[in-house]
Amino acid sequence: MPIKVNIQLLERETEHLVGELPAAEISEGYGDNLISFAHPLHYDLEVERQPQGILATGELRLPITCQCRRCLKSFEDSVEIPDFAALAPLDGEDAITCEGDFADLTPFLREDIYLLLPTNPLCSPNCPGLVKPSEAGVSDSEPPEESGGSPWAALDQLKL
Ligand SMILES: [Zn+2]
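In the numbering used here, the protein residues as written are 81 to 240.
Below, the structure is given as structure tokens:
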């Protein structure tokens, strides 16, 4: 179910929306394969009619599954937005979509959440990345070739 508000009712009163938006509604059109959505978005929003459009303020929380950019391991994370605010205009190019009396806030939430997703997910700030068994113990900053001799000799020295 998308998040919809009755714009006729909003003319008279503020609406309080609490619920969950299914993961499929969030991932629609999302192209980054480092982040996936397995859980619904939790929302707790006050929606009010403003002269410029429909204002939604409140809290959003979205559990996400990230893939570490360095070691490619999957890990769970979440995006928490305690002070979410979005203004959905009623006219113009970016106007909110209305069906009858109902306006769909979902695209506005989706857009704001995308902006807050990690673009460079790491399982931990000092993730070592993919460590191949043959490279274990060799530091990137000291290539074995530097000694001028056989790379294997340098490698043996590093292992001492
Ligand atoms: Zn990692």
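All C-beta atoms in this analysis are idealised placements derived from N, C-alpha and C, irrespective of residue type, glycine included.
For residue i versus residue j, is the C-beta spacing smaller than 8 Å?
i	j	result
Leu135	Leu101	no
Ser154	Leu142	no
Cys207	Cys151	yes
Ile193	Leu125	no
Thr186	Ile83	yes
Val85	Glu95	yes
Pro205	Ile115	no
Leu89	Tyr123	no
From what residue to what residue does the beta strand (DSSP E) around residue i run?
i	result
Glu105	From DSSP, Glu105 is part of no beta strand (DSSP E) but of the alpha helix (DSSP H) over Ala103 to Ser107.
Ala123	Note that residue 123 corresponds to Tyr in the displayed sequence, not to Ala. Start and end: Leu121 to Gln130.
Glu179	Thr177 to Glu179
Asp174	Per DSSP, Asp174 belongs to no beta strand (DSSP E) and is neither H nor E.
Ala118	From DSSP, Ala118 is part of no beta strand (DSSP E); its letter is neither H nor E.
Asp184	Phe182 to Asp184
Of the residues the options, which one's Cα is nearest the Cα of residue i?
i	options	result
Phe117	Ala103, Asp124 and Val127	Ala103
Cys148	Gly209, Pro82 and Met81	Gly209
Glu173	Ser204, Gly133, Leu202 and Pro198	Gly133
Leu170	Glu160, Pro162, Asp163 and Phe182	Phe182
Tyr110	Leu197, Arg92 and Asn86	Leu197
Leu121	Ile115, Gly99 and Glu108	Gly99
Given residue i, which residues of its chain have a CB within under 6 Å of its CB, disregarding the five upstream and five downstream residues?
i	result
Ala165	Thr137
Over what stretch of residues does the alpha helix (DSSP H) that includes residue i continue unbroken?
i	result
Thr199	Where Thr199 is concerned, there is no enclosing alpha helix (DSSP H), given that its DSSP letter is neither H nor E.
Leu142	Where Leu142 is concerned, there is no enclosing alpha helix (DSSP H), although the beta strand (DSSP E) it sits in stretches over Gly133 to Gln147.
Ile161	That residue, Ile161, is in no alpha helix (DSSP H); its beta strand (DSSP E) goes Ser154 to Pro169.
Ile87	Ile87 to Leu90
Can you give me the Cβ contacts of residue i inside the same chain, cut-off strictly under 7 Å, excluding the 5 residues immediately before and after it?
i	result
Glu105	Pro82 and Thr186
Glu156	Pro143 and Thr145
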